[in-house]
Every structure is written in structure tokens, then in C-alpha cells.
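Participant: Residue numbers (my numbering), protein chains in the order written: chain W, -1 to 128; chain L, 1222 to 1313; chain E, 6 to 101. Built from N, CA and C at the ideal position, the CB exists for glycine as well. Here's a structure for you.
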């Protein structure tokens, strides 16, 4: 089964990102393909490089980075959700004088077209919301 | 977006979502976004099938004439039949 | 059809209003509390005709919910089971 995932909620107030991450681990372990994870609305807060949780809390940003590195899962951050929240792509930040290094490793910023493409390509699409 | 990908799209408003469609909203008075232009533009994107759940309309005391765009009022049961035949369901 | 419900209250009630025979409900996150026997009874106290209701066990463990305190008809899955439910049901609707 090809599965695409959408995460709408910030990882610091809601469990959505954790549920999604555990679901993805189980899906991959059971031989399924996770085609894409699309971070939408406040879900983009899963992609901030400079997130520094306290030592006794899980580091969700690092978990996503590791997921992409180890399992080659495509992590896409929605450009319009990101820009509104001050998460800028490097070249855009350079142009407008914003912070260039905001995006954590393993993520890329792109438009809703990639969400649609993921859905069209997938057998199942699951949204994890607030 | 889905229409741009040649997908058949049905938009459904249910529960308190039906209130999002009422006429005479003035969100600009609070600096909020007005979705009326987006709703009016749906046919341009080939979204001509906007459904409202009849039971939800009844709860909120609404009739289709009070809504800002043309919709079809469908019973919960018939909506379910349509959803069951869908490949994907997007929730907002 | 699979309903994935992550909240109690109105979100779960709106889902229950709409389920039909052969649908499946999966309770995750905070919604697992509704599997517990309560007074007055929760909206899940009675079996919904031909609708299987599952609760995600890691979310129950995280919240210290013992299956002995839950309604008898509730069934349980872990994340592997969650994946199977997604595989065996279509479409999938998230309620949040």
C-alpha cells in the first residue's frame, strides 16, 4: 500500500505529529511505502531547525530528520503555511532579508500541488489534526 | 488544486460548517479573511458540486436560499453513500 | 469506511451520528477515554449495530487506562493494527 500523510497541528501542543510518526514507523515496518508527509497549517512547526526542547522531552524535529535520512521519506512543508509563520526557504530568505537557515535537515518547502500529487499517487491519505 | 489535477471533487459542508456559507458575512470588519470570493470562484475550478447536509441545515435553522452560493441539500444517508465511493476524504 | 477519531465530545458524537453498518471507528489520543465505563455512560456504552470500535493501545497505556475498566465491546489495536485497519477500510476519514 502507498500511503500519504498530512499533519496539520503543531507538535508542542498536540499529539498529532507523534501519532503520525509512530504510524509511519509501523507502516514501513509492515512493508508499506510512505509516499510523502505533508506539513500543513501549524504542522510546519515540525520543521524548525532551531527548535530546542528541554532534555526530558522528545525532539520531534530530529525524529523527522532521522526518518528522512534512514527511510528516505519525503517531508514537504507547505510554502504558504510556512511563509505566514516565518519559516522561509533559503533563497526566499536571502531575497527578503529573512533568516536563511530556518528549515531543518530532511525537509523541503513546496506548494499544495505536492499534496495533491501525493493523494493522487497514494492508496490512502491520512490527516492528523489538532 | 484537486480540480487542477483532474480529480473529481465534491465539497461537503456539515454540522456547524454550514454556517460558513451564509450570506452577509463581514469578516473584514475584524481584519479577517472573507472566503466569499473563493466560494464564488469554485465553478472556475470545475467545482460545481457543493453539498450541504440537510440534517445540519435543519439543526442551524437554515435553508439553501440563505446561503451565499448555489448548493444541493442532501440527506446524511445519501451523503454517506457518496463518501463510501470516494477514494479519499479530506477533512477541514 | 474507517473513522479515525482523536477527541471526545462533539467530534466523536458527530462521527457516531454518521456511522453505518460495516464502518469502523478507531479511537486515538484523547478519544481513548471514551472507551472507559463511566456514570453516566459514555456515548460508546452500547454496541453500535455492525460497527466495530477499536482503541489504540499505546494511547491507552500512555494514559494509564486499563482494559478492565472499559466497555466489553471495545476492541484493541497497536500501531501495526492501526496500519491494518487503514489497509482494510476505504475511504479513511479523520475526525479532529
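Excluding the 5 residues preceding and the 5 following residue -1 of chain W in the sequence, name in chain order all residues of the same chain whose CB lies nearer than 7 Å to its CB.
Facilitator: If you number the first chain from 1, residue -1 of chain W lands on position 1. Same-chain partners within the cutoff: 30, 121 and 122.
Participant: Return helix, strand or coil for residue 1304 of chain L, following the three-state DSSP convention.
Facilitator: The sequence position of residue 1304 of chain L within the second chain is 83, counting from 1. DSSP places residue 1304 of chain L in helix when its eight states are reduced to three.
Participant: With a cut-off of 7 Å, does the C-beta of residue 6 of chain E fall near any C-beta of chain L?
Facilitator: Residue 6 of chain E sits at position 1 when you count from the first residue of the third chain. It does; some Cβ of chain L falls within 7 Å.
Participant: What residue range is occupied by the uninterrupted alpha helix (DSSP H) comprising residue 36 of chain W?
Facilitator: The count along the first chain starts at 1 and reaches residue 36 of chain W at position 38. Taken as a continuous stretch (DSSP letters only), residue 36 of chain W belongs to no alpha helix (DSSP H), being part of the beta strand (DSSP E) at 31 to 37.
Participant: Chain L beta carbons: is any one of them nearer than 7 Å to that of residue 30 of chain W?
Facilitator: Counting from 1 along the first chain, the entry for residue 30 of chain W is found at position 32. It does not: the Cβ of residue 30 of chain W has no partner Cβ on chain L nearer than 7 Å.
Participant: Return the chain-ordered ranges of every alpha helix (DSSP H) run that is complete within the segment 67 to 97 of chain W and spans a minimum of 4 residues.
Facilitator: Here the runs fully enclosed are 77 to 82 and 88 to 94.
Participant: Let me know if residue 70 of chain W comes out buried or exposed under the rule of 16 or more other beta-carbons within 10 Å of its beta-carbon.
Facilitator: Numbered from 1 along the first chain, position 72 holds the residue referred to as residue 70 of chain W. With fewer than 16 other Cβ atoms within 10 Å, it is exposed.
Participant: Flag this pair as yes or no: are the beta carbons of residue 1231 of chain L and residue 1269 of chain L separated by less than 7 Å?
Facilitator: As a first step, residue 1231 of chain L is located in the second chain; it is residue number 10 there, counting from the start. As a first step, residue 1269 of chain L is located in the second chain; it is residue number 48 there, counting from the start. Result no, Cβ atoms of residue 1231 of chain L and residue 1269 of chain L do not sit closer than 7 Å.
Participant: Whose Cβ in chain W lies nearer than 9 Å to the Cβ of residue 1187 of chain L?
Facilitator: Any answer about residue 1187 of chain L is impossible in this case: the structure gives chain L only from 1222 up to 1313.
Participant: Pairing CB atoms from the segment 10 to 25 of chain W with CB atoms from the segment 74 to 87 of chain E, are three or more of them under 8 Å?
Facilitator: Flag = yes, the segment 10 to 25 of chain W and the segment 74 to 87 of chain E touch.
Participant: Along chain L, which residues have their Cβ under 7 Å away from the Cβ of residue 42 of chain E?
Facilitator: The residue given as residue 42 of chain E occupies position 37 in the third chain. Neighbours of residue 42 of chain E on chain L: none; closest Cβ ~28 Å, over 7 Å.
Participant: Out of curiosity, what's the CA-to-CA distance linking residue 1235 of chain L and residue 1274 of chain L?
Facilitator: The residue labelled residue 1235 of chain L in the question sits at position 14 within the second chain. The residue labelled residue 1274 of chain L in the question sits at position 53 within the second chain. Rounded to the nearest angstrom, the two C-alpha atoms are 5 Å apart.
Participant: With a 10 Å radius around its C-beta and 16 neighbouring C-beta atoms as the bar for buried, classify residue 33 of chain W as buried or exposed.
Facilitator: For the purposes of this step, residue 33 of chain W is taken as residue 35 along the first chain, with counting starting at 1. Its Cβ being crowded by 16 or more others within 10 Å, residue 33 of chain W is buried.
Participant: Express the C-alpha separation of residue 50 of chain E and residue 48 of chain W in angstroms, rounding to a whole number.
Facilitator: Within the first chain, numbered from 1, the residue matching residue 48 of chain W stands at position 50. Within the third chain, numbered from 1, the residue matching residue 50 of chain E stands at position 45. If I take the Cα positions, the gap works out to 46 Å.
Participant: Could you tell me whether the segment 58 to 69 of chain W touches the segment 82 to 93 of chain W, where touching means 3 or more Cβ pairs closer than 8 Å?
Facilitator: The segment 58 to 69 of chain W vs the segment 82 to 93 of chain W: no contact.
Participant: Taking the beta carbon of residue 80 of chain E as the centre, do at least 16 other beta carbons fall within 10 Å, making it buried, or is it exposed?
Facilitator: Residue mapping note: residue 80 of chain E aligns to position 75 of the third chain, counting from 1. Counting Cβ neighbours within 10 Å, residue 80 of chain E comes out exposed, since fewer than 16 surround it.
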